[in-house]
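Here is the structure we will look at, set down as structure tokens.
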Amino acid sequence: MAHNRDALGASGGVSSLISAHRLERLAWKYRALVELRRRREDAVREGLQSFGPDEAAARKREFRRIARSFPGALRELDSLSAEVLERRAREVDEALERLCHGEAGCPDGSWIALAIDFHESVRECLATKRWLSARVPRGGGVSDDVVDAFLRRRERLCRLSTALEARSTQGPPPAGQSPATGLTGSSIDRAEVSAVLTEHWRPPGGRLLALVWTALEMRHGRPRADLEASLFGCADSAVPSLR
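Reading the sequence shown from the start, the letters are residues 2 to 244 in this note's numbering.
Spelled out as structure tokens, the structure:
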């Protein structure tokens, strides 16, 4: 079974992920990556083989800051040029401006929607895995008690998301529906939740990213290779030892 965002209480559709806050954060990510990548390209042109200790330490701190907010983003630093990253930052700014003027920020098939969905999905997978690690004994499985605890947690998160969404949109969500989930309580299938949690506890091949890409393939209707190319382009092997 593929990773199911609805079963875990996540956003219902790709278009629901496009918000002013998410676009602002995405633009920040790309501006940060532009600075890191541009400095790396300058260093390569200067013939440097490594950064000095202070600069290297500062870059690592920035890497950690970006990775905490956008897990998986550092792959873009290695595979995309500063020029491409800068163009992406501009496109996100333009999408934000459209959204602020009451227009659609970007269509479901855009790379921006995919980027937001990718980071949200990786973040959810990691958070779910950490949550399970604190509750499932080593070598054990997902019990009914764990499913119950997860559903209680999901309900609390949905209420919080609803409150935050109402504040950001200056209005209440549709009756009976959380804007963050697109789900009503009656739509939850305990067996499905249990199966999805088990996938997170024991992911295929031991890799959570396999769940992410399978889910993205289903939601975006494109094979993994195409999705990865849209997000990361071709791997950059010109400066493998300098980051």
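Where a beta carbon is used, it is the ideal one built from N, C-alpha and C, also for glycine.
Span separating the alpha-carbon of residue i from that of residue j
i    : j    : result
D43  : R225 : 33 Å
P205 : R26  : 31 Å
D190 : H22  : 31 Å
W29  : E95  : 13 Å
L133 : V194 : 13 Å
R40  : A68  : 18 Å
L86  : R32  : 8 Å
I113 : L18  : 10 Å
L24  : Q50  : 35 Å
R244 : A230 : 21 Å
V147 : E156 : 14 Å
L232 : C159 : 29 Å
E84  : E77  : 12 Å
A196 : R203 : 10 Å
W214 : D145 : 28 Å
Collapsed DSSP secondary structure at residue i in the structure displayed
i    : result
A190 : It is worth fixing the name first, because residue 190 is Asp in this sequence and not Ala. D190: coil per DSSP, three-state reduction.
E200 : helix
F151 : helix
E47  : coil
C107 : coil
F64  : helix
I113 : helix
H221 : helix
H102 : coil
S134 : helix
A216 : helix
A74  : coil
P174 : The predicted position of P174 is uncertain, since its pLDDT is 43 and thus under 50; a value taken from the coordinates is nonetheless stated next. Coil at P174, not helix or strand.
V143 : coil
R157 : helix
R91  : helix
Sub-9 Å separation of residue i and residue j beta-carbons
i    : j    : result
V35  : A90  : yes
R1   : S82  : Residue 1 lies beyond the range of the chain shown here (2 to 244); nothing can be said about it.
R139 : P72  : no
T199 : G234 : no
L212 : C126 : yes
A216 : S111 : no
H201 : L209 : yes
Residue i Cβ short of 8 Å to the ligand ZN heavy atom set
i    : result
A230 : Among the ligands in the structure shown, none appear at all, so the ligand ZN cannot be discussed.
Any C-beta of chain B under 9 Å from that of residue i
i   : result
E63 : Considering every chain present, this structure includes no chain B. It has just one protein chain.
Examine the Cβ distances between the segment 212-232 and the segment 109-122 and report whether three or more of them are shorter than 8 Å.
-> Yes: the two stretches touch, three or more of their Cβ pairs being nearer than 8 Å.
Any contact of the segment 55-68 with the segment 102-111, i.e. 3+ C-beta pairs under 8 Å?
-> Judged by Cβ distances under 8 Å, the segment 55-68 makes no contact with the segment 102-111, as fewer than three pairs qualify.
Report yes or no: do three or more beta-carbon pairs, one from the segment 147-163 and one from the segment 83-102, lie closer than 8 Å?
-> Segments in contact, no.
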